[in-house]
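According to full-length UniProt numbering, the sequence shown is numbered sequentially starting from 1.
Heads up, the beta-carbon is just placed ideally off N, CA and C, and yes, glycines get one too.
Read through the structure below, which is laid out as structure tokens, and then see the notes.
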Amino acid sequence: MNVCAHSQTTFNSSAAVRSVYKGVDSSLERDLVDVTHKLFHKKHTEDSSNIRPEHKYNLAIVPAVGYTLQTGFAGIISANVGYFNNGSNKISSITTSVTYSQYQQTIVPLVIDIWTKNDKFNIVSDNRFIDYPSSIYGLGGRTDPNKGHTIDFIGLKLHESVLMTVGKNIYAGIGYYYDQFWNIRALNPATRRINTIITNELGHYEIASGPVLKFLYDNRENQINPSQGLYANFVWRNSMEWMGGNPNYQSLLVDVRKYLPFPHKYSKNTLALWSYNWLTVAGTPPYLLLPSTGWDDQYNTGRGYIQGRFRGKNMVYLEGEYRYRITRNGLIGGVVFANVENFSGDLSQQYNTLLPGYGLGIRVKLNKHSGTNLCVDYGFGKNGSGGFYVNIGEVF
């Protein structure tokens, strides 16, 4: 029996915004800022429950330490600027960070999410440079957890899009996505199988390049920690050889999330439901761009399994999470969650390999105005798989 224990640290793009979220009644809430002031008997220069949301710009610089099996210990410095444009009800933010690991691995994202006046346009720029090893296990849901291989590569992600309001809470737009991986090499190249994978399936570089069409419905009041509402995001991607992609392929991403007060409509507890479907419609994406566990944009799918554990042409993923308060003031909370995923080589194939995960976690309120939590979870999967997951901000 294989045991895959790991810890994963991520940072959500809006989570560092301090006291800029509008419409949150925080007068009876408590967060770590309040606890710190109380412990050290410091008098508030400005009560955190009365900080005016109309303060336009808010800068947060957050140092952190992370650990994963792939990176060892890692030092992280993240900077975030959050603000509201005139007439906008949605947070605009610019976030960047630098992660450097014990094994000389580097991750540098730059995420820009801008809402223009009256929320007419949403400009999204999601960029990332990565240089770190990743485990691969082959295709499908029946791969052997004891036969993983570690490859190293450098990656560049440039995802740019503009959406326009076309109705109440409805947005549509276009964009351009570019992904490139190069210097792909095996860290254990002596085995014939890994050499075959590198030569025939991976190559030494991979590129996807082309236009995207996007459609979004989002009526959540708080995008950082929703308590109610619906989020539905559809992205049609077309990678074209004449634009530098290799090979041609088309894919569809369907990301739907529903949030309900539970067990009754006045409850401060939340039932969150997530359906994440990453489908190949035509052609075959490059190996490293195939749908894979934990390789969504926020690296959050598949709690209970190590990143990259399963991979295939099509990924169907479902998750439910119940978020509840432990203390009445919201400082401490808990969650229980369960998920199931399936990977198939063809959309017509039967879903006969279901891969379940489940677990529980603790929440500590970092920012009572935005609802940002420190999230520490432990997930379990098949064949003894399991590990810790640490996030600033909810998983979905």
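Asked                                                                                                                                                                                             : Found
Is the separation between the beta-carbon of I77 and that of I107 shorter than 8 Å?                                                                                                               : no
Alpha carbon to alpha carbon, what distance is there between G308 and P247?                                                                                                                       : 22 Å
Which of the three DSSP states is assigned to E394 in this structure?                                                                                                                             : coil
Does the Cβ of Y266 have 16 or more other Cβ atoms within 10 Å, making it buried, or fewer, making it exposed?                                                                                    : exposed
Please list the terminal residues of the continuous beta strand (DSSP E) segment that includes T143.                                                                                              : From DSSP, T143 is part of no beta strand (DSSP E); its letter is neither H nor E.
List, from N- to C-terminal side, the beta strand (DSSP E) runs of 3 residues or more that fit wholly inside the segment 159-192.                                                                 : 170-186
Note down the Cα distance separating T280 from M315, rounded to an integer number of angstroms.                                                                                                   : 9 Å
DSSP three-state label for G308, please.                                                                                                                                                          : coil
Measure the beta-carbon distance from V340 to L318 and round it to whole angstroms, keeping in mind my assumption that it falls under 8 Å.                                                        : 5 Å
Output the distance between the C-alpha atoms of D113 and V81, rounded to the nearest integer angstrom.                                                                                           : 10 Å
Going by Cα to Cα distance, which pick from Q223, T150, K214, M243 is closest to Y178?                                                                                                            : M243
Can you tell me which of the three DSSP states Y132 falls into?                                                                                                                                   : coil
Am I right that K313 and T284 are in contact with their C-beta atoms under 8 Å? What's the rounded C-beta distance?                                                                               : 7 Å
Can you find the residues in the same chain that come closer than 6 Å, C-beta to C-beta, to D126, ignoring five residues on each side of it along the sequence?                                   : V111, H159
In terms of residue numbering, what span does the alpha helix (DSSP H) encompassing T36 cover?                                                                                                    : 32-39
Could you tell me which uninterrupted beta strand (DSSP E) segments, each at least 3 residues in length, are contained entirely in the segment 95-128, listed from first to last along the chain? : 106-115
Starting from I332, trace the beta strand (DSSP E) in both directions and tell me its first and last residue.                                                                                     : 332-344
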